[in-house]
Structures are given as C-alpha cells and as structure tokens.
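Its first residue numbered 1, the sequence shown is counted upward by one per residue in the UniProt record's numbering. No residue lacks a Cβ here, since even glycine has one placed at the ideal position from N, Cα and C.
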Amino acid sequence: MYSELTGKVAVITGGSKGIGTAISKRFGQEKMKVVINYNSDLEGAKQAVKAVEDAGGSAIAVQADVGSEEGNKKLLQAAIENFGQLDLWVNNAGMENQHETHELSLKDWEKVINVNLTGVFLGSRTALDYFVKNNKKGNIINMSSVHEQIPWPTFAHYAASKGGVKLFTETIAMEYAARNVRVNSIGPGAINTPINAEKFADPQQLENTTKMVPMQRIGDPAEVAAAAAWLASDESSYVAGITLFVDGGMTLYPAFQGGQG
Ligand code: BGC
C-alpha cells in the first residue's frame, strides 16, 4: 500500500472487466476515488464500483466511448464534479481481434486503432490539458502490451496500435516531464482476462502460450494492478517514459531457453 495515494482521484478507462477492474479494485484498496469508465458492460462496471467501495475507496461508473473527444471530456468532468479534481489517468481500454492481414478490413483496422491508440491520445490529451492549465502534478499510465515489442502475426492492427502507444508514451513523457507530469506504460503479457478467456479455455492453446512464458504460467490481473499502483505512487517518482513489462519474462526471447540458438 502507498499511503500518499489515499484520497487521490483517478480515471480508468475500460474498467468494467479484466485488468481494468483489477486496477480499480487495487485503487480501492489504496483508498482512492475512481471514475470507472465502461463502454457497454454496465453490469461489469457496477461490479467494479462495488469492488472499489468494498475495499475502502469511492467510485462511480461512467459510460463513454474513449475513441471520441466528448467521451474523454465526460470522464474528466465526472472526476471534477464528483471528486473535485484529477490526479491520475489510466488509459486502459483496449480491444483485439484476429485476421490475416491480407483479409483485415479497413473497418477492423480503424476500430482497433481508434480504441487502442487514438483513445490513448485523447485520454492523455484530456488529462495533460487539465494538469497543465491547473499547474498540477499529474500522472498518466497507458496500457500497452508485450506486443509493443513482439511482432504478432494475424494481429497486425493490434501490434501497430501498441507500437504506437510505446512511442506516444515516450514522447509525451519527455514533453511534460519538466511540468511535473509523469507518463509511463505497462506491458502485460498473457494475463487471465476475458479477452483471453476463450483462448485459455482450450488446453492446447493454454499450453502453447504457457510455453512462451519463462515463468511457465499465465499472469493474474492483480499482478498488473500492482504495477499500476507502483507507477501511480511516489515510489516511482523518478520514472518516466518506461514500459514496465508484467509478462513472466515473455519479452526475453523464450525460444532461446536452455541455450538453443
Ligand atoms: C494480448 C493477449 C495475449 C498477450 C500475449 C496481449 O497483449 O491482449 O491476448 O495473450 O498479449 O501474446
């Protein structure tokens, strides 16, 4: 636990499931006030609100499309109206789908880029504008992926979006570092979330993925949330522009395990 987080106000996008809900819950344990954004899953958002409250924090659920300017404005307004300020913005919302690239439609490309990359830009811009105009210390955390670094055939749009998040994070981290705003990314590997539920329900696919993780197991959303809490806290006060991989070693070229190569 990080005592300085008590009472801090966070917006988290895509908070109605998976890693977003785990981060919300962790922020609840930190006694924070959380605006939990959801797109369509009101039930999931309500459960996330309850998890925050049960843990000792405060939360509200706010519907918004993170790929739109109005959606992000709405989230900032909700933070200010309900909790009086903004301290931290977590661009967590993301999506993926699988297509061979020669068959990937422009529509699917645009949808993934809109949520995963344009959403990160719009959320960051909204938060940065608030921090700068209010001369306020700020913190932004972007949810990237191991696929900001590892190419992922049949997920070209997803990998492109995460590669974009990497350089966007580094760029704005540099641009705003002297203005007391820290920006970092988290790069989860294979985590037990709804996005992966179908894949990991298949024992063969689960085994294939597990083999790609030096720690030989799938990660828990709470392990990603722990990284978010650290990046949100003052314990990471000299950290800017990194991607903190939470991946059991997936980015370490596991094919070389045992001296192959
Ligand atoms: C994806 C997961 C995938 C993991 C490792 C993540 O970014 O969302 O579906 O299992 O990367 O490949």
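Sequence-distant Cβ neighbours of residue 24 in its own chain, meaning closer than 7 Å and more than five residues away, are 12, 15, 34, 36, 48, 51, 52, 59. Cβ-Cβ separation between residue 246 and residue 195: approximately 15 Å, too far for a contact (criterion under 8 Å).
Scanning the stretch 127-205 for uninterrupted alpha helix (DSSP H) segments of 4 residues or longer gives 156-176, 197-201, listed from N- to C-terminal end.
Looking at 78, 62, 189, 99, the one whose alpha-carbon comes closest to that of residue 243 is 189. Within the same chain, 186, 244, 246 come within 7 Å of residue 227 by CB-CB distance, once the 5 residues on both sides are set aside. In the DSSP assignment, residue 116 falls outside any alpha helix (DSSP H) and carries neither an H nor an E. Runs of the beta strand (DSSP E) spanning 3 or more residues and lying entirely within the stretch 2-88 occur at 9-12, 33-38, 58-63, in chain order. With a cutoff of 7 Å, residue 147 counts as near ligand 1, since its C-beta is closer than that to a heavy atom of the ligand. Boundaries of the alpha helix (DSSP H) around residue 224: 221-232.
Contact check between the stretch 230-239 and the stretch 126-143: three or more CB pairs, one atom from each, fall below 8 Å, which counts as touching.
With fewer than 16 other beta carbons inside 10 angstroms of its own, residue 125 counts as exposed. Distance from the C-beta of residue 196 to the nearest heavy atom of ligand 1 is below 7 Å. Remark: the C-beta of residue 153 is outside contact range of ligand 1, defined as less than 7 Å to any heavy atom.
Contact between residue 62 and residue 119 does not hold, since the beta-carbon distance rounds to 15 Å and is not under 8 Å.
Put simply, the stretch 92-102 touches the stretch 151-169. At least three CB pairs are less than 8 Å apart.
In the three-state reduction of the DSSP assignment, residue 106 falls in the helix class, which pools H, G and I. Counting of Cβ neighbours within 10 angstroms places residue 176 among the buried residues, the total reaching 16 or more. Remark: C-beta atoms of residue 165 and residue 172 do not approach each other more closely than 8 Å.
Sequence-distant Cβ neighbours of residue 56 in its own chain, meaning closer than 7 Å and more than five residues away, are 28, 29, 31.
The three-state secondary structure of residue 90, taken from DSSP, is strand. In the three-state scheme derived from DSSP, where H, G and I count as helix and E and B as strand, residue 246 is classed as strand. DSSP places residue 208 within a helical segment (H, G or I) once states are collapsed to three. Under the three-state reduction of DSSP, residue 217 is assigned to coil, being neither helix nor strand.
Closer than 7 Å to some heavy atom of ligand 1: that describes the Cβ of residue 209. Excluding residues up to 5 positions away in sequence, 16, 17 lie with their Cβ nearer than 6 Å to the Cβ of residue 44 in the same chain. At a threshold of 7 Å, residue 189 counts as near ligand 1, since its beta carbon sits closer than that to one of the ligand's heavy atoms. Under a 10 Å Cβ-count criterion, residue 83 is classified as buried, with 16 or more other Cβ atoms of the shown protein chains found around its own Cβ.
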